[in-house]
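These notes concern the structure reproduced below.
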Amino acid sequence: MSAETPAVKPAVPPPVPEGSPLGRQFAAYLCRLGGEDDPAVAWAVRLACLAVAGGQVCLRLADYAGTTILPEDGTDPVELPALAEWQARLGRSRLVGPPGQFAPLILDTGSRLYLARYWNYERKLAERLLDLAESPAAGIDLPRLRADLDRLFAHNREIPDRQKLAAAVAVLRRFCVISGGPGTGKTSTVVRILAALQAQAGDRPLRIALAAPTGKAAARVQEAIRNQKQKLDCPDALRAAIPDTACTLHRLLGARPDSVYFRHHRDNPLPVDVAVVDEASMIDLALMAKLVDALPEHARLILLGDKDQLAAVEAGSVFGDLCASQGYGLDFAAQLREASGVPVASSDMFPPALSNCVALLTHSHRFREDSGIGALARLVNEGRPKPALDLLNKGDHADLAFVRERGKQVQDLAERMAQGYAAYFAAVDAEAEPRETLRAFDRFRVLTAHREGGRGARGVNRQFEERLWAQRRLWPGTRWYAGRPVIVTRNDYDLRLFNGDIGVALFLEGELRVYFEDADGRVRGFAPGRLPEHETVYAMTVHKSQGSEFDEVLLLLPEAESPVLDRPLVYTAITRARHKAEIRGLPAVLEGAIKSSPRPSSGLGERLWRGGQ
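Heads up: the sequence shown at position 223 corresponds to 533 in the numbering used here, and the numbers run straight through without jumps.
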């Protein structure tokens, strides 16, 4: 394999981790329930549970068939059977059934083993999305649409105008997926899409819902839409019909405390005509299935995201599976040209239905041609580690920095963090308004690949707080202090605080409270004792940073290559930065990450694009 050849990593590489106690006990319980004493079946059940815990929807038996695995619990090595024999033994188990049969686990024709719930999520989601993709919007006035798009996108200078083309796709189809990197204009495009849709609807106001997976992402899309609405060339009445409030997906669907079910579903659908969801790459399989299930039969769905970003933390990489575009069909390409005036090449007379629903934005307005961040992001996405390292080593770009660290030597990391958070602590000490302090905190962030370990988020947070103790900003062991930033790790629907929300503790008017900004832009303060589960967040994992942007980002690499450290993680980390991205670690570790491309996590792509069952 050449140095530039992307490596492909297994879903859950040996040695096999123990997983959570709950996962191990669940696997053991299933085996007891089914009276299963075949170790090959028992290990398949355990590995399937581990796959879900690791963000995979299913276990690909071929990844482990015929191999020896080394359990981390210290038990003896396990020899797994060859693929054909393993499938046969699973087929004889009471725990495993073929697609469509009622059983705890499902083994499909692609040698994928699912927990039954996730097989059902995947099947139902694929069926519903294909129904949406195969039913184009009816009653579209093409001459009116062409005139509206020409006016709404008159300011664009990009040739071909991919934003205008994406808008035409979204109006002509009931389902549309728009993917683009930072600064490619996804939000400005969707505002103009909504204007064109409302123009087609005439005097009947459309019921439009704007949502995102997290409160932070919802607040960002809300702010962006409010800004873009003011720039629209359209009648005031039409502009007023476009909503500028967004909420989290959980709030939109009607989350129920301590339940995986929502108030809105197929039998109680959402009261919407159009649903727009930003940061859709963060949505896992289960949540996407529930969103699509809650749409009324006539509704449109528009998903915005970046196909090159990390997939969801939970199981499934739905957005990436949706973006495997094969180009527009012959008839639809002609319709797009008529509606937009943009030259469109057709790829096939009869492509998969989903092909006509995908639009890719490629021109970044945030990163100029001479942007180091933009250039590095492209090289990372292309899987070219050596040019990427050359770019970093040259040091020609003020918006990039690469600090080579050896082993565990991170002596100056705390000092670098103190510099990065200097403006934040100045705001804390000056007892600035909570909104101003929250803004100051978002100017800098340390991102890590792992949560645990000395170079993980928890370890870095502990090291930095030790520096604060040494400077007498706080006493050793102090839990709460003015300036402590926290991230919520469990949803609390009563308080409307959600996993990923970030707040800061401030001592104002004689009282210590923790302040958060919600999706409506309001700042709310809470007594520390009322907060749901949370942790300190001077450093956070790259996964937790999705949907956020910071002026400066410092990506701290682990000491060695890791299963979680791959190309999407590096890309996601550096594109969180608006003005400067700094990477700290060993060149070999960065090179390995850029070469590493994740495997598909499910069979959804096959169902959508190749008719897999």
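Idealized CB from N, CA, C, for every residue including glycine.
From the DSSP output, read off the bridge partner residues of glycine 364. Locating residue 364 in the sequence shown gives position 54, counting from the first residue. Answer is none; glycine 364 lacks a bridge partner.
Can you check whether the CB of leucine 452 is closer than 8 Å to the CB of alanine 649? Position 339 of the sequence shown, counted from the start, is the residue given in the question as residue 649. Position 142 of the sequence shown, counted from the start, is the residue given in the question as residue 452. Cβ atoms of alanine 649 and leucine 452: closer than 8 Å.
Of the choices Glu843, Leu816 and Ser498, whose alpha-carbon is the least far from that of alanine 740? The residue labelled residue 740 in the question sits at position 430 within the sequence shown. It is Leu816 whose Cα lies nearest to the Cα of alanine 740.
In this structure, does DSSP put glutamate 533 in helix, strand or coil? Position 223 of the sequence shown, counted from the start, is the residue given in the question as residue 533. Reduced to three states, the DSSP call for glutamate 533 is helix.
Status (buried if at least 16 other CB within 10 Å, exposed otherwise) for glutamate 916: Start at 1 with the first residue of the sequence shown, and residue 916 comes out as number 606. By the neighbour-count rule (16 or more Cβ atoms within 10 Å), glutamate 916 is buried.
Exposed or buried, which one is histidine 844 when buried takes at least 16 other CB atoms within 10 Å? Counted from its first residue, the sequence shown places residue 844 at position 534. Answer is buried; the Cβ neighbour count reaches 16.
Quick one: grab the DSSP three-state call for leucine 632. Stepping through the sequence shown from its first residue, residue 632 is reached at position 322. In the structure shown, leucine 632 sits in a helix (DSSP, three-state: H, G or I).
DSSP three-state call for glycine 717: helix, strand or coil? In the sequence shown, residue 717 corresponds to position 407, counting from 1. Confidence at glycine 717 is low in this model, with a pLDDT of 46, below 50, so the placement of that residue is unreliable and no value is reported for it.
With a threshold of 16 other CB atoms inside 10 Å of the CB of glycine 303, please say whether the residue is buried or exposed. Nothing about residue 303 can be read from this structure; the chain reaches only from 311 to 923.
Please report the straight-line C-alpha distance between lysine 539 and alanine 477, rounded to a whole angstrom. Here the question's residue 539 lines up with position 229 in the sequence shown. Here the question's residue 477 lines up with position 167 in the sequence shown. Cα to Cα, lysine 539 sits roughly 15 Å from alanine 477.
Rounded to the nearest angstrom, what separates proline 523 and tyrosine 803 at their Cα positions? Position 213 of the sequence shown holds residue 523. Position 493 of the sequence shown holds residue 803. So the alpha carbons of these two residues sit roughly 14 Å apart.
Beta carbon of valine 362 nearer than 8 Å to that of serine 403: Here residue 362 corresponds to residue number 52 of the sequence shown, with the count starting at 1. Here residue 403 corresponds to residue number 93 of the sequence shown, with the count starting at 1. No; because the gap between Cβ atoms is not below 8 Å, this pair is not in contact.
Expressed to the nearest angstrom, what Euclidean distance is found between the alpha-carbon atoms of glutamine 729 and asparagine 809? Your numbering for residue 729 matches position 419 in the sequence shown. Your numbering for residue 809 matches position 499 in the sequence shown. Those two C-alpha atoms are separated by around 28 Å.
In chain order, what residues of the same chain lie with their CB nearer than 6 Å to the CB of tyrosine 261, ignoring the 5 residues before and after it? Examination of residue 261 is not possible in this model, given that the chain is present from 311 through 923 alone.
May I have the straight-line CA-CA distance separating alanine 609 from alanine 443, to the nearest angstrom? Residue numbering aside, residue 609 sits at position 299 when the sequence shown is read from its first letter. Residue numbering aside, residue 443 sits at position 133 when the sequence shown is read from its first letter. If you take the alpha carbons of alanine 609 and alanine 443, they lie about 12 Å apart.
Mind checking alanine 457: buried by the 16 CB within 10 Å criterion, or exposed? Walking along the sequence shown from the start, residue 457 turns up at place 147. Result: exposed.
To the nearest angstrom, report how far apart proline 414 and arginine 454 are at their CA atoms. As a position in the sequence shown, residue 414 is number 104, starting the count at 1. As a position in the sequence shown, residue 454 is number 144, starting the count at 1. Each residue's alpha carbon lies about 53 Å from the other.
Which residue's Cα is closest to the Cα of arginine 483: Gln645, Leu597, Ser489 and Gln397? As a working note, residue 483 is residue 173 in the sequence shown. When only C-alpha atoms are compared, the closest one is Gln645.
Using DSSP's beta-bridge definition, name the partner residues of threonine 558. Residue 558 sits at position 248 when you count from the first residue of the sequence shown. Partner(s): Ala522.
Whose C-beta lies closer than 8 Å to the C-beta of leucine 701 among residues of the same chain, with five residues either side of it excluded? Position 391 of the sequence shown, counting from 1, holds the residue named residue 701. Only Gly682, Ala685, Leu686, Leu689, His707 and Leu710 meet the Cβ criterion.
For alanine 724, tell me which candidate among Arg536, Leu867, Tyr848 and Met592 has the shortest Cα-Cα distance. As a first step, residue 724 must be located in the sequence shown, where it is residue number 414. Comparing Cα-Cα distances from alanine 724 to each of Arg536, Leu867, Tyr848 and Met592, the minimum goes to Tyr848.
Euclidean distance between Cα positions of proline 349 and aspartate 618: If you number the sequence shown from 1, residue 349 lands on position 39. If you number the sequence shown from 1, residue 618 lands on position 308. Roughly 39 Å separates the two Cα atoms.
Which value, in whole angstroms, describes the spacing of the CA atoms of glycine 449 and glutamine 510? Here residue 449 refers to the residue found at position 139 of the sequence shown. Here residue 510 refers to the residue found at position 200 of the sequence shown. For glycine 449 and glutamine 510, the distance between alpha carbons rounds to 9 Å.
Confirm, please, whether the CB-CB distance from phenylalanine 572 to valine 604 is below 8 Å. The residue labelled residue 604 in the question sits at position 294 within the sequence shown. The residue labelled residue 572 in the question sits at position 262 within the sequence shown. For the record, residue 604 in the displayed sequence is alanine; it is not valine. Contact flag set, yes.
Of the choices Asp752, Ala556 and Arg517, whose alpha-carbon is the least far from that of alanine 529? Here the question's residue 529 lines up with position 219 in the sequence shown. The option with the nearest alpha carbon to alanine 529 is Ala556.
Whether methionine 793 touches aspartate 616 by CB criterion (8 Å): As a working mapping, residue 793 is identified with position 483 in the sequence shown. As a working mapping, residue 616 is identified with position 306 in the sequence shown. The identity of residue 793 in the sequence shown is glycine, whereas the question assumes methionine. Not closer than 8 Å, so no.
Close-in-space but distant-in-sequence residues of the same chain around arginine 502 (CB under 6 Å, 5 per side omitted): Taking the sequence shown and counting its residues from 1, the one referred to as residue 502 is at position 192. Hits under 6 Å: Leu462 and Ala477.
How is cysteine 359 classed by DSSP in three states: helix, strand or coil? Indexing the sequence shown from 1 puts residue 359 at position 49. Reduced to three states, the DSSP call for cysteine 359 is helix.
I'd like the span of the alpha helix (DSSP H) that includes leucine 601, first residue to last. Position 291 of the sequence shown, counting from 1, holds the residue named residue 601. Residues 595-603.
Can you tell me whether glycine 420 is helix, strand or coil according to DSSP? Here residue 420 is taken as the residue at index 110 of the sequence shown, counted from 1. In this structure, glycine 420 counts as coil in the three-state DSSP scheme.
Contact defined as beta carbons within less than 8 Å: I believe valine 874 pairs with alanine 759. What is the distance between those atoms, to the nearest angstrom? Reading the sequence shown from its first residue, position 564 is the one you call residue 874. Reading the sequence shown from its first residue, position 449 is the one you call residue 759. Right, the Cβ-Cβ distance comes to about 6 Å (below 8 Å), so this counts as a contact.
Length of the line joining the Cα atoms of leucine 435 and lysine 496: Mapped onto the sequence shown, residue 435 falls at position 125. Mapped onto the sequence shown, residue 496 falls at position 186. Distance between the alpha carbons of leucine 435 and lysine 496: 24 Å.
Check the C-beta distance from aspartate 828 over to arginine 800 and give it rounded, since I have them as a contact under 8 Å. To locate residue 828, count along the sequence shown from 1; it is residue 518. To locate residue 800, count along the sequence shown from 1; it is residue 490. With 8 Å as the limit, aspartate 828 and arginine 800 do not qualify as a contact, their Cβ atoms being about 17 Å apart.
Helix or strand or just coil, what does DSSP make of valine 852? Within the sequence shown, numbered from 1, the residue matching residue 852 stands at position 542. Three-state result, valine 852: helix.
What are the partner residues of tyrosine 825, as DSSP defines its beta bridges? Sequence index remark: in the sequence shown, residue 825 carries index 515 (1-based). Tyrosine 825 is bridged to Val814 and Gly835.
What's the call for aspartate 680, buried or exposed, on a 16-neighbour Cβ count within 10 Å? For the purposes of this step, residue 680 is taken as residue 370 along the sequence shown, with counting starting at 1. Counting Cβ neighbours within 10 Å, aspartate 680 comes out exposed, since fewer than 16 surround it.
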